[in-house]
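J.: Sharing a structure here in structure tokens format.
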Amino acid sequence: MAPKASSGSSGAPKGTPKKKSADEGDGPASKPSKTKIPRTFVVRPSPSVNHKSVAKVYLHQSILKASDITAGSLINISREGEAGVLAIANAGDEGCPLNVIQVSNALRSVSGLMFGDRLEISKVTAQPEYCDSITIGNEAGKELPKRALKAVEKVLDEVGIVMPGLRFQNFPTPGETENDEKTLENLVIVESEALPNVAKLQLEENDNPDSDNFQRFISPPLLFKRGSTKVTFSQDTEPLSKYLLPKTTTYSSVGGLSRQIELLKASIELPLHQPTLFSDFGITPPRGILLHGPPGTGKTMLLRAVAAETNAHVLTINGPSIVSKYLGETESALRDIFNEARRYQPSIIFIDEIDSLAPSRSSDDSGEVESRVVATLLTLMDGVGDSGRLVVVAATNRPNSVDSALRRPGRFDQEVEIGIPDVEARDQILKLQFEKMKRHNLSEQDVFNLASRTHGYVGADLVALCRECVMKTIRRGLKSSTPHSQLLVTLDDVETALPEIRPSAMREILLEMPKVYWSDIGGQEDLKIKLREMIQLPLEASETFKKLGVSSPKGVLLYGPPGCSKTLTAKALATESGVNFLAVKGPEIFNKYVGESERAIREIFRKARAAAPSIIFFDEIDALSPDRSEGGPTTSAGSHVLTSLLNEIDGVEELNGVVIVAATNRPDEIDPALLRPGRLDRHIYVSPPDFEARLQILKNSTTKMSLSKEDVNLEEIAEKTDGCSGAEVVLLCQEAGLAAVMENQTAEKVEKRHFEKALKSISRGITEDMLDYYRSFASKSGIDV
């Protein structure tokens with residue numbers, strides 16, 4: 011029989027007398043004659059586990075009376091400002107607190123509600139339409155026997171309301187024959203269709219006050235009528251995507267955090283559901299867990315998964331959301347939250363962005379209010395007790411800003427780092443995203459290749475990348491007028507989207523490096539091979555190095571005359587290796603404030619470690635590392651920066667997955683401590699270009715120039731530029747082009763005479779004394795120049 015809809019206005023009557031609020035649910039009222047209706051109600055489990063009661067919610071009798079809601083009436087239950095779920099109101103027992111609404115697991119699954127959520131209730135004055143057909147899926151993925159159809163129809167008729175997403179857990183379904191044992195199945199409504207209402211079709215849209223009455227529900231509700239509603243079984247296990255039902259975050263929907271998930275299971279689920287395991291051993295179960303890591307790595311998502319999987323009463327504090335301007339109200343709000351958590355055990359208190367709620371009391375920014383809040387939180391965590399089934403989980407991306415008193419055993423016992431995902435973790439995250447996407451033609455190898463190229467990307471970046479891929483696909487479809495149903499995300503869409511998503515781990519210091527390839531550098535073949543061996547190979551084959559027990563070089567020093575492609579080589583290395591590249595200009599590190607220069611060095615290396623594998627390129631390294639020996643041109647600030655640099659390269663904290671490339675044209679002015687083995691131990695001389703290299707530079711520089719091919723002989727010009735640096739050869743080509751324009755502003759070709767004129771104006775900066783200087787340094791380093 012279909013439930014009845016209430017009549018009258020929605021909400022509490024205007025003339026409801028006021029009385030002392032029972033909003034905090036201190037206990038049942040003894041049949042109050044006048045009751046103030048709470049603004050929100052706390053979600054708690056339904057007292058009935060019968061499948062016939064899945065659409066029912068239970069409220070205190072006095073609340074129903076004060077709200078003018080009769081038992082069996084239809085109400086809308088919803089979070090504040092969100093779409094709701096249609097339910098049947100019933101009176102709970104007298105022990106039900108005034109501010110509690112008891113909701114079945116089936117209704118919670120439709121709307122993604124958790125125990126502890128705050129709901130608003132309102133009467134529904136219209137009646138839903140009758141259901142024409144309904145499709146039910148079995149989560150086990152197997153066909154149900156025909157005899158199960160009658161059992162399902164009987165229960166649905168008694169439930170009355172059906173809606174997509176409604177789940178029946180452990181539903182007893184009969185077998186093929188009467189002698190077969192019943193099996194327990196998890197059934198879910200995946201689709202429902204309404205009967206066409208002829209009367210409504212004849213009405214004008216504006217004349218139908220109930221035309222959008224049921225648009226405010228998460229899942230469209232219908233009335234089941236046995237005998238006229240057709241029931242079919244399906245292999246589908248999820249409601250159709252057209253209903254846009256909220257997805258519950260579970261452990262299986264979190265990728266790349268398997269180690270952290272296992273740790274959380276042991277630290278949260280056991281103390282909540284099996285506390286006696288700890289008391290039997292005479293120890294206190296863990297009470298607090300602090301999740302920390304960079305933004306976008308999945309801390310808050312992991313909290314939601316824990317809440318969904320543990321089925322506990324969840325109370326969420328979003329950083330400063332409970333902070334009040336009035337004295338003592340913040341502390342009172344914290345006490346109320348802990349009191350509710352104790353009352354409805356097992357319970358979890360989530361504190362997101364805890365650094366804003368409990369900052370370090372030793373910092374200058376901390377005032378009296380912050381100190382009182384921290385002290386209150388410390389007292390409450392200490393007062394949980396040994397037997398209570400209560401866990402506090404906090405998240406922050408600034409763990410060092412949290413008060414140190416909170417980070418001791420007995421409060422936040424464990425600290426779990428949610429770091430930047432490695433290639434395997436990124437592969438898992440991308441696979442989950444593309445599985446949800448469904449409409450794509452990428453193979454598993456394509457997804458893994460994408461994961462191996464997205465160094466420094468956190469989970470949020472990868473989700474944004476997948477979203478951008480879909481946007482590219484949709485735009486492509488609109489341009490080509492391809493039907494929406496035929497569109498697929500392709501590898502080309504991914505390649506187009508990839509440059510538009512910048513990795514969060516590198517966002518503050520990421521530079522838009524020009525795309526320079528090895529082929530753009532003329533000659534220097536030995537240099538390219540050495541750099542590949544020393545830098546690219548250890549980064550790309552790190553597992554092989556580890557297996558063989560071979561340590562890769564930490565740093566490389568490129569030295570040579572000015573203009574011989576040292577910086578250009580570093581750019582090509584960044585492009586060709588595909589790893590994160592941090593470019594540091596030597597003099598820009600220095601700051602007039604004491605300690606700021608050293609902090610800049612530490613921050614660069616911290617980000618490089620977090621975004622490993624990565625390359626740090628120091629241009630003009632001699633400006634950062636002056637020789638500290640007697641008579642050396644050094645200052646106190648320079649000495650401190652050098653000390654910080656040495657500690658970061660070869661200090662207590664290991665430098666894994668980070669390679670340092672430095673360039674200079676004054677190698678003898680660098681402190682010897684920086685050049686010893688274990689630091690910048692590989693020294694590569696970048697020599698002036700030979701004939702083949704100069705010819706290649708000329709060809710590269712004149713690719714876009716209009717040359718007189720009969721007149722201009724590049725090999726002859728390469729011979730004449732003997733002793734020039736690469737930069738001077740490039741300048742020669744520019745000067746020749748400029749000479750052609752100055753001679754004739756409508757010139758169409760650059761001819762031989764223009765190159766000869768340019769050759770006369772080019773001054774060679776590389777002298778024999780300079781080359782002797784580099785030979786002398788090389789002989790000290792044992793390098794053959």
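Each number in my numbering comes from the position in the sequence shown (counting from 1) with 10 added on.
Glycine residues also receive a C-beta, built at the ideal position from the N, C-alpha and C atoms.
Once you ignore the five residues that flank Gly-102 on each side, which residues in its own chain have a CB closer than 7 Å to its CB?
T.: So the qualifying residues of the chain are Pro-57, Tyr-68, Leu-69, His-70, Gln-112.
J.: Inspect the beta-carbon positions of Pro-431 and Gly-487 and report whether they are closer than 9 Å.
T.: It is not a contact, given that the beta carbons lie outside the stated cut-off.
J.: Suppose the cutoff is 7 Å on Cβ atoms and the five residues either side in sequence are ignored; what does the same chain contact list for Ser-514 look like?
T.: Contacts found: Pro-304, Pro-305, Gly-306, Val-468, Ala-470, Asp-471.
J.: Alpha carbon to alpha carbon, how far is Gly-25 from Lys-44?
T.: Bear in mind that a pLDDT of 39 at Gly-25, under 50, signals an unreliable position, so the number given afterwards is only what the model happens to contain. Taking the straight line from one Cα to the other gives about 11 Å.
J.: Give every residue of the same chain whose Cβ lies closer than 8 Å to the Cβ of Ser-561, excluding the five residues on either side of it in the sequence, and list them in chain order.
T.: Closer than 8 Å at Cβ, skipping near neighbours: Phe-555.
J.: Per DSSP, Val-198 is paired with what?
T.: Bridge partners of Val-198: Gly-147, Arg-177.
J.: Please list the terminal residues of the continuous alpha helix (DSSP H) segment that includes Arg-54.
T.: Per DSSP, Arg-54 belongs to no alpha helix (DSSP H); it is in the beta strand (DSSP E), 51 to 55.
J.: May I have the straight-line CA-CA distance separating Ser-552 from Asp-437, to the nearest angstrom?
T.: Cα to Cα, Ser-552 sits roughly 18 Å from Asp-437.
J.: Whole angstroms is fine: what's the gap from Ile-611's alpha carbon to Leu-655's?
T.: Their Cα atoms are separated by approximately 7 Å.
J.: Note down, one range per segment and in chain order, each beta strand (DSSP E) of at least 3 residues found wholly within the region 321 to 389.
T.: Taking only runs of at least 3 residues, the beta strand (DSSP E) segments lying wholly in the region 321 to 389 are 323 to 328, 357 to 362.
J.: Would you kindly report the start and end of the unbroken beta strand (DSSP E) that includes Glu-427?
T.: From DSSP, the beta strand (DSSP E) with Glu-427 extends over 424 to 427.
J.: Determine whether the beta carbon atoms of Pro-509 and Met-780 lie at a separation below 9 Å.
T.: Not in contact: Pro-509 and Met-780 (Cβ atoms no closer than 9 Å).
J.: Would you kindly check if the distance between the Cβ of Ile-131 and the Cβ of Ile-87 is under 9 Å?
T.: Yes, the Cβ-Cβ distance between Ile-87 and Ile-131 is below 9 Å.
J.: List the residues that DSSP assigns as beta-bridge partners of Thr-406.
T.: According to DSSP, which records beta bridges pairwise, Thr-406 is partnered with His-302.
J.: Rounding to the nearest angstrom, what Cα-Cα distance links Leu-159 and Ile-146 in this structure?
T.: Distance between the alpha carbons of Leu-159 and Ile-146: 10 Å.
J.: With DSSP collapsed to three states, give me the class of Phe-227.
T.: The answer is strand: DSSP assigns Phe-227 an E or B state.
J.: Can you tell me whether Gly-94 is helix, strand or coil according to DSSP?
T.: Gly-94: strand per DSSP, three-state reduction.
J.: What's the call for Val-751, buried or exposed, on a 16-neighbour Cβ count within 10 Å?
T.: Exposed is the call here.
J.: Write down the C-beta distance between Val-696 and Leu-547 rounded to the nearest angstrom, noting that I regard them as a contact closer than 8 Å.
T.: About 20 Å; that fails the 8 Å criterion.
J.: Let me check one thing: in DSSP terms, what residues is Leu-84 bridge-paired to?
T.: In DSSP, Leu-84 forms a bridge with Ile-98.
J.: Would you tell me roughly how many angstroms separate the C-alpha atoms of Lys-28 and Leu-108, rounded to the nearest one?
T.: Residue placement at Lys-28 cannot be trusted, given a pLDDT of 41 that sits under 50; what the coordinates show is reported in the next sentence. Each residue's Cα considered, the two are about 15 Å apart.
J.: Could you check if Asn-590 is buried or exposed, using at least 16 other CB atoms within 10 Å of its CB as the buried criterion?
T.: The residue in question, Asn-590, is buried, as its Cβ has 16 or more Cβ neighbours within 10 Å.
J.: Cα-Cα, which of Lys-540, Phe-627, Thr-777 is closest to Lys-595?
T.: Selected option, being the one with the closest Cα: Phe-627.
J.: What residue range is occupied by the uninterrupted alpha helix (DSSP H) comprising Asn-710?
T.: Element bounds for Asn-710: 701 to 711.
J.: How is His-70 classed by DSSP in three states: helix, strand or coil?
T.: Coil at His-70, not helix or strand.
J.: Check the C-beta distance from Leu-129 over to Thr-50 and give it rounded, since I have them as a contact under 8 Å.
T.: About 6 Å; that satisfies the 8 Å criterion.
J.: Measure the alpha-carbon distance for Gly-308 versus Ala-116 and round it to whole angstroms.
T.: C-alpha separation (whole angstroms): 28 Å.
J.: On the DSSP bridge assignment, give the partners of Phe-243 in chain order.
T.: In the DSSP output, where bridge partners are listed per residue, Phe-243 has Ile-146.
J.: Quick check: the region 618 to 634 against the region 667 to 685, are there 3 or more CB pairs under 8 Å?
T.: Counting Cβ pairs under 8 Å, three or more are found: they touch.
J.: Taking all protein chains shown into account, do 16 or more other C-beta atoms lie within 10 angstroms of the C-beta of Leu-521, making it buried, or fewer, making it exposed?
T.: Model confidence at Leu-521 stands at a pLDDT of 48, short of 50, so the residue's coordinates are unreliable; what they give is reported in the following sentence. It counts as exposed.
J.: Quick one: any contact between the region 728 to 735 and the region 683 to 702, if contact means 3 or more CB pairs under 8 Å?
T.: Short answer: they touch.
J.: Within a Cβ cutoff of 7 Å, which residues of the same chain sit near Gln-443, ignoring the five residues on either side of it in sequence?
T.: Contacts found: Leu-472, Val-473, Cys-476.
J.: CB-CB under 6 Å to Ala-317, same chain, minus the five flanking residues each way: which ones, in chain order?
T.: So the list reads Met-124, Val-324, once near-sequence residues are dropped.
J.: By the 10 Å Cβ neighbour count, where 16 or more other Cβ atoms means buried, how is Tyr-336 classified, buried or exposed?
T.: Under this definition Tyr-336 is an exposed residue.
J.: Which runs of the alpha helix (DSSP H) spanning at least 4 residues fall entirely within the region 615 to 696, listed in chain order?
T.: Within the region 615 to 696, the complete alpha helix (DSSP H) runs of at least 4 residues are 646 to 660, 682 to 685.
J.: Please determine if the region 444 to 457 and the region 416 to 433 are in contact, where contact requires at least 3 C-beta pairs separated by less than 8 Å.
T.: No, because fewer than three Cβ pairs between the region 444 to 457 and the region 416 to 433 fall closer than 8 Å, the two stretches do not touch.
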